[in-house]
Amino acid sequence: MQEHDMSWVRTEMALAQPAPAGVTGFSAWVRKNLIASTGDTILTIIGFALVVMILPQIINWAFINAVWTGPNRTVCATVAQGGIQPDGWSGACWAFVNAKFGQIMFGTYPVEERWRPILVGILLVVLMVPMLMPSVPRKGLNALLLIVGLPIVSFFLLVGGAFGLEHVETARWGGLLVTLSLSFVAIVVSLPLGIMLALGRRSRMPVVKMLCVIFIEAVRGIPLITVLFMASVMLPLFLPPGVTFDKYLRALIGVSLFAAAYMAEVVRGGLQAIPKGQYEGADSLGLGYWQKMYFIVMPQALKLVIPGIVNTFIGMFKDTSLVTIISMFDLLGIVKQNFSDANWATAQTAKSGLIFAAFVFWLFCFGMSRYSMYTERRLDTGHKR
Amino acid sequence: MASQEVLREEPSRASLINDPKVRSIFYQCLVVALLVSGVWWIVHNTIVNLTNLHIASGFAFLRGRAGFDISDTAIAYTSDSTYGRAIIVGLINTLIVAFVGIITATIIGFIVGIGRLSKNWLIQKICTVYVEVFRNIPPLLVIFFWYSGVLAVLPAPRDSINLPFGSFLNQRGFYFPRAVWGDGSWLIPVGLLVGIAMAWFVARKAHQRQMATGQQFPVFWTSLALIIGLPLLAYVLSGFPVTFDFPKQSTFNLTGGFVVKPEFLSLYLALSFYTAAFIAEIVRAGIRGVAKGQSEASSALGLRAGQALRLVVVPQAMRIVIPPLASQYLNLTKNSSLAIAIGYPDLTATTGTVLNQTGQAVECVVIMMVIYLAISLLTSLFMNWFNAKMALVER
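Line by line, the protein sequences give chains V and U. Using full-length UniProt numbering, read the first sequence as starting at 1 and increasing by one per residue. Using full-length UniProt numbering, read the second sequence as starting at 1 and increasing by one per residue.
So, in C-alpha cells, the structure goes:
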C-alpha cells in the first residue's frame, strides 16, 4: 500500500468569519421572532394592531391629556359637564389623587398627628431593608425587632393614649395605613399559626388531627367575605354582654385565621415532600418532637415552599381590600368613598382613583413575587432538577 | 435467644410521665377539655345575648315574608316570597355567575397561557403583561373598575352605543335580542340532545374500530355536523318557530330584548379576567412540565405538529393542569361573593339582607357556610373523579 499524501491538510488556522448577514442583526431577529411562518406573521399583525390601537390611547389618557393639579372638579370636567376642559376631552384626573393623597395614605388620621404613621413607616423600612438583604448580618436580632419589637412600638405610636400621645381610635385609621398594618400583622400571625395547624394535621393524635382538618377545610371552603361577616356579626354575639370588640381587631382576626388555613396547606405540602429518612434520622439521633421539627424538618420544608408562602402573602395582601365591604376604609375603601365627594365627581374621577390604587397594590404584590423568585434561586440547594 | 428473653423481661418504663402513649392521651384530653369549655362559654354567651335581643333561634324564620326586592331573579320572586326563596334566588345567581365566569376564564386563560409559550416575541410579551397586571391587583378593585370606572360612565339610554346584531350598550346594561320560543320549538333542544348522544356513540364506535383495525374516522367533524345539524334540521322541520324580540329605542329607555345588568356584567368580566391570569400560569406550567423528549419522539414517529400537540403533549399536560385548575374554579366561585360590593344579589348579598332584617345571625351564617362548603365539596369531588380518569394508568 502506498502512503497517503497528507499535503491537503492545511497548516494554519482559517480566519474566523463573521456570521452570515442572514442570522445576525435586527432583520434576522425579526425573521426569527416575528415572521417565522405564515401563521406567525398573522399573529404578529394582530398583536401589532392591538398594541397600536390600545397603547396610544392609554398614554394619551394617562399622561398627555391628564390633569395633574387643580382645586376641584372643574379641571377634570368638560364644558358641558360644568368644567373647563373642551368637549370630548378624556384624560386622567390625577388632580383628584393629588388632592386626596393625605387621605389615601392615612385616612382621617388627625393631620397634626400624621408624623406617627410616617415614623412607623420609616421604622418598617429601616428594619425591613436589612432583613431582605442577605449580606447584612445579625438576622436573628433583626427578625426579633421586626416581628416582636415593631408591632409593640407601632401599637403605642399609632393608637396612642400613653406616653403623652393623643389617643386615635382605629375608626379614624384608613388608606394605605390600614392596608399595610392589617396585612403585616396578618402575615406575622398567620405563618406560625399555619405551621402549627400543618403540624397538627400530620399529628399522630387523632383528636388534634381531626380538629385541625375540620378547621382548615371549613375555612378554605368558604369565601373571606363570609369569614369577615362572621367576625363582624358573630363575634359580638359570642362574647359576654357588654364586652365590645374593636372593628379593626375583628377584621384582623378574620383575615389572620383565614390566611392561617391556607398557610397550613402550603406548609403541609412542604412537610410531605421531606423524605421519611429525615424524620427517622432525627429520631435515631435522639431528638425530641419539637427539636426534630425545629432543627431538621422545618428548615427543609419551609425552604421548599417559599413560593407558596409568598403567594399566600400576596393573596392576603390583596384580600385585605375586602374589609371595604364591612365598611372599613383601607386603600381601596378610601378611594371608593371619595368618589361620592361632590367636589370631585366627574366621569374620570373613579377611573383615575382606581387606577392609582391598582398601581399601589400592583407595586407591592409584584415586588413580593420578584423577591420570592430571587430568594428561591438563592436558597436552591439542588432539590430541583 | 438469651438476649431476646432479656428484652422481653424488661419492658423498660422509666416513669409514666415519659411514656409517649400516656402523654399523647393526656394532651388530647387537655385539648378536648379546653375545646368543650370554650364552646360551652361561647354557646352560653350567645344564648344570653340572643335572649337579651329577643331573638328566637331556629330556622322557622325562613318561611316568613321577605319584603325586599331582588333586581336579578332567575326564578319567580316578589317581595311577598319567603326568606327561604330569597336565599335560593341568591344561590342560583351565584351559580350562574360562577358557571359563565369559569367558562370564559378557562378560554381566556388557555389562550393567554399558550400565548406566553409562543415563539412569537410580540404575542409572548402581550400575554406576559396581561398576566403580571391582573395577578397582582385585588379582584375587588377590578370589579369596581368595571362598575364605576367603565360601565357607570357609559352614555345614558337615549344615546346608547349601537352594536352588531341589534344589541345596545348603555348605563343600564347590555341589551341584546331575546329569542322567543314559539310552538313546536321543543324539537330543537330534542335535536340537540339526540345530536350529542349520537356524537358520543360515533366517538365510541370510532375508537373501538381504531383499536381493532387501526383505521381512523373523522370523529370531530362528524360530531360537529351532528350537534349543529340536527337542531338546525329540527328548526327547519318545525317551521321556523323561533323569533327574536329586538330591543327598541324609545325616548328615555330601551324596551324589549334581554338585558344584562351592569352589576352582573362587571362581576362577570372582573372574575373572568382575574382568574384567567391564574389559569394562564397553570396552563403554561402544565405544558412546560411535559418533557421535551415527548414532542421530539412524536415528531420522530412522523406526527405533525398539531397531532403531536393533540395526541401527545396536551393529554400529559392535562394531568399537571387539572388539580390546580380545580382550585382556581373554586376560587372563582368563592370570589363571586364579592358581588355584595356592587349590589349584585348573590348568595352572600341576599343572605346578608335576610340577616339584617331578621337578626338571625347564627342561622344565616350557618346557611351561608353550609352552602359554600357543599359547592366546594361537590366541585372537588367532581374534579377528583375527572383527575382519576385522566391520571396516568401504570402497571
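A virtual CB, placed ideally from N, CA and C, is assigned to each residue, including glycine.
Within chain V, partners of residue i - CB distance below 8 Å
{"i": "residue 61 (chain U)", "result": "Ordered by position in chain V, no residue passes the 8 Å Cβ test against residue 61 (chain U), which lies about 16 Å from the chain."}
{"i": "residue 298 (chain U)", "result": "Within chain V, no residue comes near residue 298 (chain U); the closest Cβ sits about 19 Å away, beyond 8 Å."}
{"i": "residue 21 (chain U)", "result": "In chain order: nothing, as chain V lies at least about 10 Å away."}
{"i": "residue 24 (chain U)", "result": "204 and 205"}
C-alpha gap between residue i and residue j, whole angstroms
{"i": "residue 332 (chain U)", "j": "residue 256 (chain V)", "result": "21 Å"}
{"i": "residue 216 (chain U)", "j": "residue 60 (chain V)", "result": "56 Å"}
{"i": "residue 337 (chain V)", "j": "residue 174 (chain V)", "result": "11 Å"}
{"i": "residue 148 (chain U)", "j": "residue 123 (chain V)", "result": "36 Å"}
{"i": "residue 201 (chain V)", "j": "residue 152 (chain V)", "result": "31 Å"}
{"i": "residue 195 (chain U)", "j": "residue 201 (chain U)", "result": "10 Å"}
{"i": "residue 79 (chain U)", "j": "residue 98 (chain V)", "result": "45 Å"}
{"i": "residue 388 (chain V)", "j": "residue 263 (chain V)", "result": "Residue coverage of chain V in this structure runs from 1 to 385, which leaves residue 388 (chain V) outside it and unanswerable."}
{"i": "residue 65 (chain V)", "j": "residue 351 (chain V)", "result": "14 Å"}
{"i": "residue 380 (chain U)", "j": "residue 322 (chain U)", "result": "11 Å"}
{"i": "residue 189 (chain U)", "j": "residue 183 (chain U)", "result": "13 Å"}
{"i": "residue 371 (chain U)", "j": "residue 159 (chain U)", "result": "42 Å"}
{"i": "residue 25 (chain U)", "j": "residue 207 (chain V)", "result": "9 Å"}
{"i": "residue 385 (chain V)", "j": "residue 135 (chain V)", "result": "In this predicted model, residue 385 (chain V) has a pLDDT of only 42, less than 50, meaning its place in the structure is not dependable; the value taken from the coordinates is given anyway. Using only the alpha carbons, I get a separation of about 27 Å."}
Extent of the continuous alpha helix (DSSP H) to which residue i belongs
{"i": "residue 367 (chain U)", "result": "361 to 390"}
{"i": "residue 83 (chain U)", "result": "83 to 116"}
{"i": "residue 128 (chain U)", "result": "121 to 135"}
{"i": "residue 369 (chain V)", "result": "349 to 379"}
{"i": "residue 244 (chain U)", "result": "Not the alpha helix (DSSP H): residue 244 (chain U) falls in the beta strand (DSSP E), residues 242 to 245."}
{"i": "residue 193 (chain U)", "result": "187 to 213"}
{"i": "residue 52 (chain U)", "result": "20 to 53"}
{"i": "residue 333 (chain V)", "result": "331 to 339"}
{"i": "residue 318 (chain U)", "result": "314 to 335"}
{"i": "residue 273 (chain V)", "result": "247 to 273"}
Interface flag, residue i vs chain V, CB-CB below 8 Å
{"i": "residue 369 (chain U)", "result": "yes"}
{"i": "residue 360 (chain U)", "result": "no"}
{"i": "residue 306 (chain U)", "result": "no"}
{"i": "residue 295 (chain U)", "result": "no"}
{"i": "residue 46 (chain U)", "result": "yes"}
{"i": "residue 171 (chain U)", "result": "no"}
{"i": "residue 9 (chain U)", "result": "Here the model assigns residue 9 (chain U) a pLDDT of 49, short of 50, so the residue's position is not dependable, and the following value carries that caveat. Chain V contact via Cβ: absent."}
{"i": "residue 365 (chain U)", "result": "yes"}
{"i": "residue 271 (chain U)", "result": "no"}
{"i": "residue 439 (chain U)", "result": "With chain U represented from 1 up to 395, any question about residue 439 (chain U) goes unanswered, as that position is not in the structure."}
{"i": "residue 49 (chain U)", "result": "yes"}
{"i": "residue 93 (chain U)", "result": "no"}
Within-8 Å CB hit, residue i to chain U
{"i": "residue 307 (chain V)", "result": "no"}
{"i": "residue 336 (chain V)", "result": "yes"}
{"i": "residue 385 (chain V)", "result": "Bear in mind that a pLDDT of 42 at residue 385 (chain V), under 50, signals an unreliable position, so the number given afterwards is only what the model happens to contain. So, not an interface residue."}
{"i": "residue 283 (chain V)", "result": "no"}
{"i": "residue 321 (chain V)", "result": "yes"}
{"i": "residue 233 (chain V)", "result": "yes"}
{"i": "residue 61 (chain V)", "result": "no"}
{"i": "residue 49 (chain V)", "result": "no"}
Local Cβ density within 10 Å of residue i, reported as buried at 16 or more and exposed below that
{"i": "residue 382 (chain U)", "result": "exposed"}
{"i": "residue 139 (chain V)", "result": "exposed"}
{"i": "residue 95 (chain V)", "result": "buried"}
{"i": "residue 33 (chain U)", "result": "exposed"}
{"i": "residue 144 (chain V)", "result": "exposed"}
{"i": "residue 357 (chain V)", "result": "buried"}
{"i": "residue 51 (chain U)", "result": "exposed"}
{"i": "residue 230 (chain V)", "result": "buried"}
{"i": "residue 367 (chain U)", "result": "buried"}
{"i": "residue 53 (chain V)", "result": "exposed"}
{"i": "residue 105 (chain V)", "result": "buried"}
{"i": "residue 362 (chain V)", "result": "buried"}
Where residue i meets chain V, residues with beta-carbon distance less than 7 Å
{"i": "residue 121 (chain U)", "result": "33 and 34"}
{"i": "residue 42 (chain U)", "result": "238"}
Residues that residue i contacts on chain U, provided the C-beta gap is smaller than 8 Å
{"i": "residue 225 (chain V)", "result": "337, 338, 340 and 348"}
{"i": "residue 40 (chain V)", "result": "119 and 120"}
Host beta strand (DSSP E) of residue i (start-end)
{"i": "residue 181 (chain U)", "result": "178 to 181"}
{"i": "residue 167 (chain U)", "result": "167 to 170"}
{"i": "residue 260 (chain U)", "result": "258 to 260"}
{"i": "residue 162 (chain U)", "result": "161 to 163"}
Cross-chain neighbours of residue i in chain U, by beta carbon under 9 Å
{"i": "residue 351 (chain V)", "result": "145, 148, 149, 150 and 153"}
Proximal residues of chain U, C-beta to C-beta of residue i below 7 Å
{"i": "residue 365 (chain V)", "result": "136"}
heavy atom of the ligand COA below 7 Å from residue i C-beta
{"i": "residue 220 (chain U)", "result": "Absence of the ligand COA is noted for the structure shown, with no ligands found whatsoever."}
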